[in-house]
Each structure stands twice: as C-alpha cells, then as structure tokens.
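Colleague: Below is one structure. I have some questions about it.
Protein chains: 2
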Amino acid sequence: MTITIIGTGLIGGSLAISLREQHLATTIIGVDNNQANLERAKALGLIDTYLPLDEAFAQSDLVILAIPVDAVLHLLPGLLDKATKQVIMDVGSTKEKILDLVKDHPHRGRFVAAHPMAGTEYSGPDAATSQLFLHKTMVLCDVKRSDEDAVEMVEDLVEKLQMRLVYMNAKEHDLHTAYVSHISHITSFALALTVLQKEREAGRIFELASGGFASTVRLAKSSPDMWVPIFKHNRNNVLDVLDEHIHQLQSMKSMLENEDYNSFYKAIQRANKIKKILK
Amino acid sequence: MTITIIGTGLIGGSLAISLREQHLATTIIGVDNNQANLERAKALGLIDTYLPLDEAFAQSDLVILAIPVDAVLHLLPGLLDKATKQVIMDVGSTKEKILDLVKDHPHRGRFVAAHPMAGTEYSGPDAATSQLFLHKTMVLCDVKRSDEDAVEMVEDLVEKLQMRLVYMNAKEHDLHTAYVSHISHITSFALALTVLQKEREAGRIFELASGGFASTVRLAKSSPDMWVPIFKHNRNNVLDVLDEHIHQLQSMKSMLENEDYNSFYKAIQRANKIKKILK
Chain A
1 MTITIIGTGL
11 IGGSLAISLR
21 EQHLATTIIG
31 VDNNQANLER
41 AKALGLIDTY
51 LPLDEAFAQS
61 DLVILAIPVD
71 AVLHLLPGLL
81 DKATKQVIMD
91 VGSTKEKILD
101 LVKDHPHRGR
111 FVAAHPMAGT
121 EYSGPDAATS
131 QLFLHKTMVL
141 CDVKRSDEDA
151 VEMVEDLVEK
161 LQMRLVYMNA
171 KEHDLHTAYV
181 SHISHITSFA
191 LALTVLQKER
201 EAGRIFELAS
211 GGFASTVRLA
221 KSSPDMWVPI
231 FKHNRNNVLD
241 VLDEHIHQLQ
251 SMKSMLENED
261 YNSFYKAIQR
271 ANKIKKILK
Chain B
1 MTITIIGTGL
11 IGGSLAISLR
21 EQHLATTIIG
31 VDNNQANLER
41 AKALGLIDTY
51 LPLDEAFAQS
61 DLVILAIPVD
71 AVLHLLPGLL
81 DKATKQVIMD
91 VGSTKEKILD
101 LVKDHPHRGR
111 FVAAHPMAGT
121 EYSGPDAATS
131 QLFLHKTMVL
141 CDVKRSDEDA
151 VEMVEDLVEK
161 LQMRLVYMNA
171 KEHDLHTAYV
181 SHISHITSFA
191 LALTVLQKER
201 EAGRIFELAS
211 GGFASTVRLA
221 KSSPDMWVPI
231 FKHNRNNVLD
241 VLDEHIHQLQ
251 SMKSMLENED
261 YNSFYKAIQR
271 ANKIKKILK
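Chains A and B supply the protein sequences, listed in that same order.
Reminder that position 277 of the first sequence reads as 277 in UniProt numbering, one-by-one numbering, no gaps.
Reminder that position 36 of the second sequence reads as 36 in UniProt numbering, one-by-one numbering, no gaps.
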C-alpha cells in the first residue's frame, strides 16, 4: 500500500525504514515543512518521493502523522475532512487534547491514535534507525471510536513491527506517560541546567562524566520543538508528578541537612524497588 | 606482584579481572567481611585465594581498598600503621575526609588516593566485568603527598587498564563529583520514589517504560551501603548542588503553571547545550 509519512524526522524516518523492511509499504511519500529534511530523507532512502500534503494524501492508503503534538492538533481536522478511504494515525506523546478535538468529527472513525513508547534524544532524518521500535510498546487509545478496518490496519502494522500492543483510554495514557516518560525529560533538562549552572569548567565535566551521569542527562539533548507541546498538552498531569518529584528531592535534602542517614538509607532501599519493575 | 583486594564486589572484582588480564598481578588475594562474596569471587576466578586481612596485607605489594568510603575511613589508618613496603590505594568516590584523616600519618606516603569514574548500578562479585574501566577516567588526588614509587606503581596500573589519568586535589575532586556523579544518583533515587509513589499500577510502568525512563532511573538500583557514606562524606557539596537542582525544577514548574511556554522553550534550549559536553 501507499503510505504518507508527515514529518520525516527520527520517528517518521524510523517508521519508514521498518515499514519498508516489513514489506508493508509499496510506496512511501514524505511530507515535511522542512525542505532540507525531505531532501535528506530521500537521499537516505527513507522515502521514495515527496509531495505537497494534499497530493500525497489523495494517493495514500495510510497517512502517519509523525510531527509534534501541536502540529497534529493543527493538521488533523483538515485531514479528517478529506478522509474517505484513508486511515490516519498519529504517533504523538499526548492523546487527550487530540482525541477531544476530533471526537465529534463525522470521519472520526478513520483516525487511530497511537503512541510508540520509543525514541532517542536525537532528531531529524539522520537519527532514524531500523531497530527503534523492535520489542517496544505501542499504545492505541480509544480504539472503539475508530473504524474496524482502520484499527485492523494499524494492529497489523504494530505486529509487523514486532511491537507489544497495549490499549488504553486517552486519559489513562496521558496520566501514565507523565509518570514514566514526561517527568524523566523534565528531570534531565533540570539536571543539565544544574550542572551547566554550577560547573563553569566544562572541561572538568567532560573529564569526569561517567556512564551514570551520561545516562541520567542524555534526555536533556531532546528537542524543544517536540517537548514544549507535550508539556503544554499534558500540563496538569506533569505538574502533579513534578510536585511529587520536588517533594521527594526536598525530603532527601532535609535528611541530609539533619544528617538523618538512617532515613536516607531507607529511602534508597525504597527507591531500589524499581529493580522489580525495570530489569 | 601480589595484590590484595579488600572488597570483592563490582569494583574490586572488575579490577581483579583487569589486573590479571594485564599480567600486573601474579597472585590476587581477596579480603571481605562477607564470606559468601569471597567464595563467589573465588568460584568466578576473580581472586586466587582469600585470607584474613593481616595475613593478606603482609604478603602484598599492593593493597586496594574497594569498599564503601566509611569503611575506607575505618580501615586505612590501621593499614598505614603496618605499611612498610606496601602501596595502599583506595577507589572511593569521596576524597577530602579520607585524605584529611591520614594527612599527618608517618606512613602517609604509602597511600595513593584514586577514584575510577566508572561503575554500574549493580553490586557484588557477579556484577564484575572486564570492560568496566576501559577508556574511563581515573582521578588521582593529592599525589604530591604520596611517595614517588607508590604513585609510579598506581600510574602504571592506570596505564595498563587503558584509563585516562587526571590529577586533582581532594577539595576539587569532591566538588566536581558532586556535580557530575552524586547529584545524578539523588535525582534517580527521587525519580524512582516519585514514580513508585504516584504509579500504583506497577504493571503499567512495566508496559510503558521506554528506554528514556530506564536510563534516567537506572541509577536508582544502586546500593545504599555504598551511597549513604558518599552523601555523608560529601554532604556540603551535595546539598549545594541539590539546592540548585531543586531551584531549576521549581523554575520549570513555575513556567508550566504560568503557561510561559516561551521561557520553557528557552530553558530546554539552554539544557541542550549539554550536547557540546556529552557526545
């Protein structure tokens, strides 16, 4: 089938590689505001060709929105207006605002809301890789509001990508992703700012930074174009979990101030329980 | 030469593997309070034998303290009392308190204070690996207070391990490691506690946790036996950097509360500068 990928960056480009490898796509058309990205995606063989959105849409069986969530909000209603046979899926990191916007659209059924729990701190077509989605989780939201054939097409795609499929409603999705994804990014941005603020001798960071620091701070390389809209969409959940995180840090700080190393020890033991969840 | 390694866990065990591979050690003797660790280290071939501390010490050319920093404080003066020909090195994560304790010891020169900027979130002999130190940084502190032959022996060891050598004074060391190592661990412990507190459905974390979450939170698996003494020794520096970190998080929180997405965008752009330091 012919697939249009809107947004030929890390996620769109990686999808293109995998969809081609799995023989799901006969033709992949790229659509992107950024002409340099399109040229690069074509040169890398991620897409077969690029076209203006309307032309690409008309020729496609499946249209994938791999763009920041505010751009999804902006484009989706107009695409649904034109959607007759096409299936439209997004791969955005928030779901409530997007699904709320189109909930009464007459062609709502053509849309499948998806979120692959995969990514890296890099962006752009050159960051695309073939292994990005392998054995990761794909969340599909509110599938009951999507047409049966549309859901089947996306489920087939998820299976071919060898991803684990999870179903949720949009509210649940946004709550859980605030905990297990969005807060990690805030922590990492704040940690980078802390170190850059306190540690004026960049050379010293470079010499001393070990694997632990690198892994904690690597998400701080993530693009603001992608992340500001996510925090905007999921503001209430993110604020709630950020409050709790600051509270935990303040509590550890008090233990240190009071030299209450017994409580500090117990807090670390409680934190160690994350071992049971993350192998 | 004969090397005694006190503490046959992750660091001591990994050193044992590398020292043997590099033909630096003819015999490696293990010393450990934990008999099960000794048996396991011997079964794994990390050590040739194990002995009580005094016997091991008497036979050794080099004695390496690979134990929590409070245990280093406890053992080091007594070892120095007996040190005639022996070189003693530690591999602890803090340096000021240790070096201050022995600064006037008549055998101070036999001690070389070292800190390999390497580790993982795992502990015990089974966590030992041959590649742990490769191309990582080894910090030596206050080497001018150590005897020339002792420094040369440790420098030779560092070179054979293919590590990058950096010299610092103890004060500098403890300041910089608070920024690039100790704060990462606090952040990670607090993040694990946040998620475990907010996210009662452990199954959901498991399903949704992607690489980003795993990398931010992996240090939260680290042992309190190792880390509480580090935070205790480096309390003032850690409190200082923790204050700044909480301030950065509160500032991001205010931006979200006030829906000041312009400032949020700029903050992320500033955090992105960590790219220049960490490739």
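Using N, Cα and C, we set each Cβ at its ideal position, and we do this for glycine too.
Find out if the Cβ-Cβ distance for the pair B/HIS105, B/VAL139 is shorter than 8 Å.
Modeller: Here residue 105 of chain B is taken as the residue at index 105 of the second sequence, counted from 1. Here residue 139 of chain B is taken as the residue at index 139 of the second sequence, counted from 1. It is not a contact, given that the beta carbons lie outside the stated cut-off.
Colleague: Roughly how many whole angstroms lie between the Cα atoms of B/LEU157 and B/ASP126?
Modeller: Sequence index remark: in the second sequence, residue 157 of chain B carries index 157 (1-based). Sequence index remark: in the second sequence, residue 126 of chain B carries index 126 (1-based). If you take the alpha carbons of B/LEU157 and B/ASP126, they lie about 23 Å apart.
Colleague: Is the beta carbon of A/LEU208 closer than 8 Å to that of B/HIS176?
Modeller: Within the second sequence, the letter at position 176 stands for residue 176 of chain B. Within the first sequence, the letter at position 208 stands for residue 208 of chain A. Yes, they are a contact pair.
Colleague: Which residue from B/SER263, B/TYR179, B/TRP227 and B/LYS198 puts its Cα closest to that of A/VAL228?
Modeller: As a working note, residue 228 of chain A is residue 228 in the first sequence. Cα-wise, what sits closest to A/VAL228 is B/SER263.
Colleague: To the nearest angstrom, how far is the alpha carbon of A/GLU259 from that of B/ILE230?
Modeller: Numbered from its first residue, the first sequence carries residue 259 of chain A at position 259. Numbered from its first residue, the second sequence carries residue 230 of chain B at position 230. The straight-line gap from Cα to Cα measures roughly 13 Å.
Colleague: Listed in chain order, which residues of the region 214-239 of chain A have Cβ atoms closer than 7 Å to some Cβ of chain B?
Modeller: For the region 214-239 of chain A, which is checked against every Cβ of chain B, the residues closer than 7 Å are ALA214, SER215, THR216, VAL217, ARG218, LEU219, ALA220, LYS221, PRO224, TRP227, VAL228, PHE231, LYS232, ARG235, VAL238 and LEU239.
Colleague: Taking the alpha carbon of B/ALA113 as the point to measure from, which residue in B/GLU96, B/ALA267 and B/HIS135 has its own alpha carbon closest?
Modeller: By one-based count along the second sequence, residue 113 of chain B stands at place 113. The residue with the shortest Cα to Cα distance from B/ALA113 is B/GLU96.
Colleague: Can the beta-carbon of residue 337 of chain B be found less than 8 Å from the beta-carbon of B/VAL91?
Modeller: Because chain B is modelled from 1 through 279, residue 337 of chain B falls outside the range shown and cannot be assessed.
Colleague: B/VAL139 lies in the beta strand (DSSP E); which residues open and close that run?
Modeller: Here residue 139 of chain B corresponds to residue number 139 of the second sequence, with the count starting at 1. First-last of the beta strand (DSSP E) with B/VAL139: 137-141.
Colleague: Which word fits A/LYS103, buried or exposed, when buried means at least 16 other C-beta atoms lie within 10 angstroms of its C-beta?
Modeller: On the first sequence, residue 103 of chain A is found 103 positions in, with the first residue counted as 1. Answer is exposed; the Cβ neighbour count stays below 16.
Colleague: Any chance the region 182-197 of chain A sits against the region 156-173 of chain B, with 3 or more Cβ pairs inside 8 Å?
Modeller: With the cut-off at 8 Å, the region 182-197 of chain A and the region 156-173 of chain B do not touch.
Colleague: Over the uninterrupted beta strand (DSSP E) stretch that includes A/TYR179, give me the two end residues.
Modeller: Along the first sequence, one-based indexing puts residue 179 of chain A at 179. Unbroken run through A/TYR179: none, as it is neither H nor E.
Colleague: Closest to A/ASP54 by C-alpha separation, out of A/LEU79, A/ASP48, A/LEU101 and A/MET226, would be which residue?
Modeller: In the first sequence, the residue the question calls residue 54 of chain A occupies position 54. With distances taken between Cα atoms, A/ASP54 lies closest to A/LEU79.
Colleague: Starting from the Cα of A/ASN33, find the closest Cα among A/LYS42, A/SER14, A/THR8 and A/ARG20 and give me that residue.
Modeller: For the purposes of this step, residue 33 of chain A is taken as residue 33 along the first sequence, with counting starting at 1. Closest option to A/ASN33, Cα to Cα, is A/THR8.
Colleague: Hey, could you find the ends of the alpha helix (DSSP H) B/PRO229 is sitting in?
Modeller: One-based indexing of the second sequence puts residue 229 of chain B at position 229. Looking at the DSSP string, the run of the alpha helix (DSSP H) that includes B/PRO229 is 224-233.
Colleague: Which stretch, first to last residue, makes up the alpha helix (DSSP H) that contains B/VAL63?
Modeller: Working through the second sequence from its first residue, we reach residue 63 of chain B at position 63. Looking at the DSSP string, B/VAL63 is not in any alpha helix (DSSP H); the run it does join, the beta strand (DSSP E), is 62-65.
Colleague: Using a beta-carbon distance cut-off of less than 7 Å, what residues from the region 260-277 of chain B approach chain A?
Modeller: Those would be TYR261, PHE264, TYR265, ALA267, ILE268, GLN269, ARG270, ALA271, ASN272, LYS273, ILE274, LYS275 and ILE277, in chain order.
Colleague: Is A/TYR50 helix, strand or coil when you go by DSSP?
Modeller: By 1-based counting over the first sequence, the position of residue 50 of chain A is 50. It is a strand residue.
Colleague: Could you compute how far the alpha carbon of A/ARG145 sits from the alpha carbon of A/THR94?
Modeller: As a position in the first sequence, residue 145 of chain A is number 145, starting the count at 1. As a position in the first sequence, residue 94 of chain A is number 94, starting the count at 1. If I take the Cα positions, the gap works out to 17 Å.
Colleague: Work out the CA separation of A/GLU21 and A/ASP61 for me, nearest whole Å.
Modeller: Residue 61 of chain A sits at position 61 when you count from the first residue of the first sequence. Residue 21 of chain A sits at position 21 when you count from the first residue of the first sequence. Going from the Cα of A/ASP61 to the Cα of A/GLU21 covers about 18 Å.
Colleague: Which of the three DSSP states, helix, strand or coil, is assigned to B/GLN243?
Modeller: In the second sequence, counting from the first residue as 1, residue 243 of chain B sits at position 243. One detail in the question is off: residue 243 of chain B reads as Asp in this sequence, not Gln. In this structure, B/ASP243 counts as helix in the three-state DSSP scheme.
Colleague: Strictly below 7 Å CB to CB, what residues from chain B border A/MET117?
Modeller: The count along the first sequence starts at 1 and reaches residue 117 of chain A at position 117. Chain B residues near A/MET117: LEU208 and SER210.
Colleague: Who are the neighbours of A/MET252 on chain B, taking C-beta pairs under 8 Å?
Modeller: Residue mapping note: residue 252 of chain A aligns to position 252 of the first sequence, counting from 1. Under the 8 Å cutoff, chain B gives ILE186, PHE189, ALA190 and LEU242.
Colleague: Using a Cβ-Cβ cut-off of less than 8 Å, list which residues of the region 135-165 of chain B approach chain A; keep chain order.
Modeller: Cβ contacts with chain A come from LYS136, THR137, VAL139 and ARG164.
Colleague: For a test of the three-state rule: what should DSSP assign to A/VAL102, helix, strand or coil?
Modeller: On the first sequence, residue 102 of chain A is found 102 positions in, with the first residue counted as 1. Coil, per DSSP.
Colleague: Return the CA-CA distance between B/ALA83 and A/ALA128, expressed in angstroms with no decimal places.
Modeller: One-based indexing of the second sequence puts residue 83 of chain B at position 83. One-based indexing of the first sequence puts residue 128 of chain A at position 128. So the alpha carbons of these two residues sit roughly 57 Å apart.
Colleague: Could I get the ranges of all uninterrupted beta strand (DSSP E) runs contained in the region 119-166 of chain A, with 3 residues as the minimum, in chain order?
Modeller: DSSP runs (the beta strand (DSSP E)) wholly in the region 119-166 of chain A: 137-141.
Colleague: For B/VAL217 and B/MET117, what's the separation of their Cα atoms in angstroms?
Modeller: Position 217 of the second sequence, counted from the first residue, corresponds to residue 217 of chain B. Position 117 of the second sequence, counted from the first residue, corresponds to residue 117 of chain B. Going by the C-alpha atoms only, they are around 19 Å apart.
Colleague: Work out the CA separation of B/ALA41 and B/SER188 for me, nearest whole Å.
Modeller: Here residue 188 of chain B corresponds to residue number 188 of the second sequence, with the count starting at 1. Here residue 41 of chain B corresponds to residue number 41 of the second sequence, with the count starting at 1. When rounded, the distance between both Cα atoms is 29 Å.
Colleague: So for A/MET168, helix, strand or coil by DSSP?
Modeller: Stepping through the first sequence from its first residue, residue 168 of chain A is reached at position 168. DSSP places A/MET168 in strand when its eight states are reduced to three.
Colleague: Over what stretch of residues does the alpha helix (DSSP H) that includes B/THR4 continue unbroken?
Modeller: Stepping through the second sequence from its first residue, residue 4 of chain B is reached at position 4. Segment 2-6 is the beta strand (DSSP E) holding B/THR4; no alpha helix (DSSP H) there.
Colleague: Please confirm if B/ARG204 has its CB atom under 8 Å from at least one CB of chain A.
Modeller: As a position in the second sequence, residue 204 of chain B is number 204, starting the count at 1. Judged by the 8 Å Cβ criterion, B/ARG204 is in contact with chain A.
Colleague: With distance defined between alpha-carbon atoms, name the residue in A/ILE205, A/LEU193, A/LYS273 and A/HIS173 nearest to B/LEU222.
Modeller: Locating residue 222 of chain B in the second sequence gives position 222, counting from the first residue. The sequence shown places Ser at residue 222 of chain B, rather than the Leu named in the question. Cα-wise, what sits closest to B/SER222 is A/LYS273.
Colleague: Helix, strand or coil for A/VAL195 per DSSP?
Modeller: By one-based count along the first sequence, residue 195 of chain A stands at place 195. Here A/VAL195 sits in helix by DSSP.
Colleague: What in chain B is Cβ-close to A/GLU199, meaning under 8 Å?
Modeller: Indexing the first sequence from 1 puts residue 199 of chain A at position 199. Neighbours of A/GLU199 on chain B, chain order: HIS176, TYR179 and VAL180.
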